[in-house]
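Structure record follows, encoded as structure tokens.
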Amino acid sequence: MNLSGVEWEGVARIAAGILFLVFGLLLAAGLCTASTPGENPVPNIFEPHSTPADSIFHLSAFVLAITGIIFLVVFILLVYVLVKFRARTTDSPHEPAQVYGSTQIELAWTVIPILFVVVLFLATTRVIHAIQDAPKPANAVEVIAIGHQFWWEFRYPALGIVTANELHIPVSDPANPTPTYLKLLSADTDHSFWVPQLAGKTDLIPNRVNTMWMDPHRTGVFLGQCAQYCGTQHAKMLLQVIVDSREDFQAWANAEKQPAKQDESVSVGRGVFETTACVNCHAVAGTVATGRFGPDLTHLMSRRTIASGAAENTPENLSMWIQDPEMIKPGSLMPAMKLSDADLDALARYLETLR
């Protein structure tokens, strides 16, 4: 095969590889956008449901369109040059004439990229300003989110509520917006709060206060994740934002304000809880347990999961989590209690009453 044939085959392979990559990306995007809400548990970045997420999505689409056009133009020119000026057997063996000092060409490849960068910079700055400097209405819900290894703590100062891993917020009607403003703190190392369908990603850094907000436009459960590697169980630091109607959010808040139920039928289990190391880390309103190192357990059984999303909140998983956390979440900071079967059963039955 002659030289031109070899080069033409190489060009064809490169072009086919690039087209296959583009096709794969478009197919993946199509699969994400084709799923209906609730059908796929994976957060869909192409389906924003909050003003900040919507602004970020449109900015991303704009940037993708601009860079896609640049890629297409460069790719077409590259293929054109490789095909038109490929080596031929009839070509002279001497080096072709070289062009030096073309002011027009140098201006073109300097000014045009600068214009693209300026446009993208201004568009990004506009979105950042609109999100970060948005005025906070008087009826906004305020939440303090604290990242721990490896779980989330949520505090509602105005409501006197403390919960973990599942953030309840009200839906925000565009005609009467009720956004939720979060103050982001870290109890240990760097974390990152990211719920793609509701807002952008914001870090939680020790000794620093960051803020963000979201105003979901529909009810539902939106999944997020700690997006900053924070240790062994970083991947199992699930974040669930449960958007309730205004009535449901008020009912949830009223229930969360109540102290733990006192059920005499599980007094033995309560005794086990209050006389073991549980009280050093956990709090249960209305009892001697006032720990701050672990999640507040006052309404433990109202949550969908345990261990920050690592397992469903079932009696079986709860018992396993108490006895040996390594079975569910290796590397977690919760110690194995190693209770006797009788004490474990009594303690589990007591925790099951905390609703």
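The sequence shown begins at 4 in the numbering used here and counts up by one. Beta carbons are placed, not taken as given, at the ideal position from N, Cα and C, and that holds for glycine.
Checking the DSSP bridge columns, you'll see GLY227 partnered with LEU242. ALA339 sits in coil when the DSSP states are folded into three classes, being neither helix nor strand. Inclusion of TRP155 and SER311 in the CB contact set at 8 Å is warranted, their separation being smaller than that value.
Inter-residue distance for ASP57 and PHE49 is about 9 Å (C-alpha atoms, whole angstroms).
Here GLY227 is buried: its Cβ has 16 or more other Cβ atoms, across all protein chains shown, within 10 Å.
Below 8 Å, enough C-beta pairs join the stretch 211-220 and the stretch 173-186 to call them touching: three or more.
Under a 10 Å Cβ-count criterion, GLY272 is classified as buried, with 16 or more other Cβ atoms of the shown protein chains found around its own Cβ.
A distance of 8 Å or more separates the beta carbons of GLY150 and ALA202. VAL102: not part of any alpha helix (DSSP H); DSSP gives it neither H nor E. Considering only VAL224, VAL102, VAL212, LEU123, the residue with the shortest C-alpha distance to ALA68 is LEU123. Three or more pairs of CB atoms, one per stretch, sit closer than 8 Å, so the stretch 239-251 contacts the stretch 160-173. Restricting attention to ILE331, ALA161, LYS186, the CA atom closest to the CA of GLN236 is found in ILE331. The continuous alpha helix (DSSP H) containing VAL84 extends over residues 54-87.
Sixteen is the threshold: when 16 or more other Cβ atoms of the shown chains lie within 10 Å of the Cβ of ASP299, as they do, the residue is buried.
According to DSSP, residue pairing for PRO173 in a beta bridge involves ASP247. The alpha-carbon separation between LEU22 and LEU81 amounts to approximately 14 Å. For ILE73, the closest of ILE115, ARG158, LEU354, MET337 by C-alpha to C-alpha distance is ILE115. Under the three-state reduction of DSSP, THR279 is assigned to coil, being neither helix nor strand. For the pair LEU187 and THR205, the CB atoms are nearer than the 8 Å cut-off. Less than 8 Å divides the Cβ of ALA286 from the Cβ of GLY294. Secondary structure at ASN257: helix, using DSSP grouped into helix, strand and coil.
DSSP, reduced to helix, strand and coil, places ARG16 within a helical segment of the structure shown.
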